[in-house]
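Participant: Per our numbering, numbering of the sequence shown is gapless, rising by one per residue and ending at 601.
Positions of the beta carbon are idealized from the N, C-alpha and C atoms, including for glycine.
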Amino acid sequence: MFGDAAGAVIVERSEENCLLETITETNGEFGKDLYLTSQKNSINDEEVIANNKLHQNGRIVYKWAIQTLSYGLQSLARKNCLSLNDIAYFLPHSANYRLLEAVCKELKIPMDKCLDSVRKYGNTSAASIPLAWYEGIRSNKIQLNDKLLLMGFGGGFTYGGICIKNQIPNL
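1. Sort Ser468, Thr452, Ala532, Lys535 by Cα distance to Ile594 and report the nearest one.
2. What are the partner residues of Glu445, as DSSP defines its beta bridges?
3. Determine whether the beta carbon atoms of Val491 and Leu521 lie at a separation below 8 Å.
4. Taking Ala436 as the reference, give the member of Lys462, Pro599, Ser547 with the closest Cα.
5. Find the nearest neighbour of Lys493 within the set Phe583, Gln597, Asp542, judged by alpha-carbon distance.
6. For Thr467, count neighbouring Cβ atoms within 10 angstroms of its own Cβ and tell me buried if that reaches 16, exposed if not.
7. With a threshold of 16 other CB atoms inside 10 Å of the CB of Gly591, please say whether the residue is buried or exposed.
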């Protein structure tokens with residue numbers, strides 16, 4: 431269900447701009463649907479935070495994630511003067527595969543254009559994007575100069591994405 435991973439990409443100067451337009455947003459109106467509470471305990475006259483508890487309205491969070499990924503990927507493509515058909519692959523945060531299926535259905539794009547890492551590694555949060563990128567390159571799906579849409583979402587109902595031209599050669 432949950433995995434542990436990390437990923438990094440080295441960015442360096444080039445003659446061609448391969449990092450294209452980005453989007454970032456947040457929506458605080460859902461704070462009541464996902465929050466952390468804690469109780470303070472006094473030990474030796476020092477306050478210690480203990481008993482953290484996550485409160486989540488799973489249906490609302492799931493629906494928000496589908497709508498946000500669908501809207502964000504479309505907006506990101508438009509901002510880069512592209513259609514979804516111009517994109518070789520979508521690399522969204524892979525919280526779960528069912529969510530990705532729902533986004534692809536909403537966008538009317540085939541699942542084979544959506545690269546994920548959740549089926550192999552579990553939900554690795556933000557690391558799911560570089561893991562999917564790596565696996566796409568390793569499997570020879572992603573080629574040089576392919577246009578990719580990368581998009582993540584997370585706590586605080588925030589999301590961000592970038593359109594890039596892949597410059598990592600196949601392994």
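Facilitator: In this structure, then:
1. Thr452
2. Looking at the DSSP assignment, Glu445 forms no beta bridge with any residue, so it has no partner.
3. no
4. Ser547
5. Phe583
6. exposed
7. buried
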